[in-house]
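What follows is a single structure, written as structure tokens, with notes after it.
There are 2 protein chains.
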Amino acid sequence: MEKIVVKNYADEENCPVRNVLDRFGDKWSMLVIMLLGDMEVLRFNELHKYIDSISQKMLAVTLKKLEADNLINRTMFPEIPPRVEYSLTERGKSLLPLLLNLVQWANKNMGEITQSRLERGTK
Amino acid sequence: MEKIVVKNYADEENCPVRNVLDRFGDKWSMLVIMLLGDMEVLRFNELHKYIDSISQKMLAVTLKKLEADNLINRTMFPEIPPRVEYSLTERGKSLLPLLLNLVQWANKNMGEITQSRLERGTK
DNA sequence: TCTTTGACTTACCAAAAGTAAGTAAATAAC
DNA sequence: GTTATTTACTTACTTTTGGTAAGTCAAAGA
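Chains as they are written, first to last, in my numbering: chain A, 43 to 165; chain B, 43 to 165.
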């Protein structure tokens, strides 16, 4: 395994890590991407049901950001009441395998991490 | 590539994704882990210099959380003024390759994403 | 005696996120 | 013909989270 050095942490403008984490490194973005990866197409309220603890407001801004980054498609049907469908773009799909690695890591390690938290403190 | 379905998004307690994202899915944790992956050992103020836009307060709480999850080691030397060194644990190191995949993805895609943001709006 | 040093805390303030109610427009129910 | 319903959001207001700047502790050096 080669060593990859990421030099410019301090440079907020140009560090790709910072730039990307500023978008995904929030409470909801990755979850939405993974959910759309599973379900392929979901409407606003369906997303809201799956991630019940997100507020409508935050779901709306999360979807807007992901759309602005062209990670998800937003398809609006001219009906009343309105219908809007969300799905991953190719770019969004290209992120999926990396996120699924994180899911596997989480599944494998969550037990021990929970253990550590209990032993070492600080909820 | 096999399809991995993550069923329990709605179940905040038991979904490993939610549990893990609740910890890393913040502005700073992943950055700290990657930085320690690069530099191996860093003191508090060194971390602060690399990630200059983090506040001391947030750096402190981020480090505490990561330590509670046993992702980083905190070694305190009984000197005055105090010296404290941080490094990745084995568990922390096991996360590194996954995060480095994200870095590579970020490097590959940041240009086009920035482009999308300009075209489609919403800074 | 006063300053410096490093790893933090603390008090106070600003920004982000949650809550709950509201909006729009057409169809369905009464 | 008035009212309720449906969906994808906004908006106003409150709470929580994070940022800022100053403070703490203890010893060594000027």
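By construction, the Cβ of each residue, glycine as well, lies at the ideal position given by its N, Cα and C atoms.
Ranking LEU89/B, PRO58/B, ASN87/B and LYS91/B by CA distance to the CA of MET76/A puts PRO58/B first. For VAL126/B, no CB of chain A lies under 9 Å from its own CB, so it is not counted at the interface with that chain. Taken atom to atom, the span from the alpha-carbon of ARG116/A to that of THR131/B is near 42 Å.
With fewer than 16 other beta carbons inside 10 angstroms of its own, GLU161/A counts as exposed. Collapsing the DSSP output to three states places SER129/B in a strand. Judged by beta-carbon spacing, GLY134/A lies beyond the 9 Å limit of LEU105/A, meaning their Cβ atoms are not closer than that value. Take the alpha-carbon of ARG60/A and the one of PRO124/B: they are about 30 Å apart. At least one CB of chain B lies nearer than 9 Å to the CB of LYS69/A.
A Cβ-Cβ contact shorter than 9 Å links GLU82/B with SER129/B. Around the Cβ of SER71/A, a 10 Å sphere holds 16 or more other Cβ atoms; the residue is buried.
Here DSSP, grouped into helix, strand and coil, assigns ASN87/B to helix. Here the alpha carbons of ASN56/A and PRO139/B stand approximately 22 Å from one another. For ILE75/A, the uninterrupted alpha helix (DSSP H) run begins and ends at 71–81, by DSSP.
According to DSSP, residue pairing for ARG116/A in a beta bridge involves TYR128/A. Assigned with DSSP and collapsed to three states, SER95/A falls in coil, not helix or strand. Just so you know, the alpha carbons of GLU154/B and SER136/A end up roughly 13 Å apart. With a cutoff of 9 Å on beta-carbon distance, ASP68/A and ASP68/B are scored as near each other.
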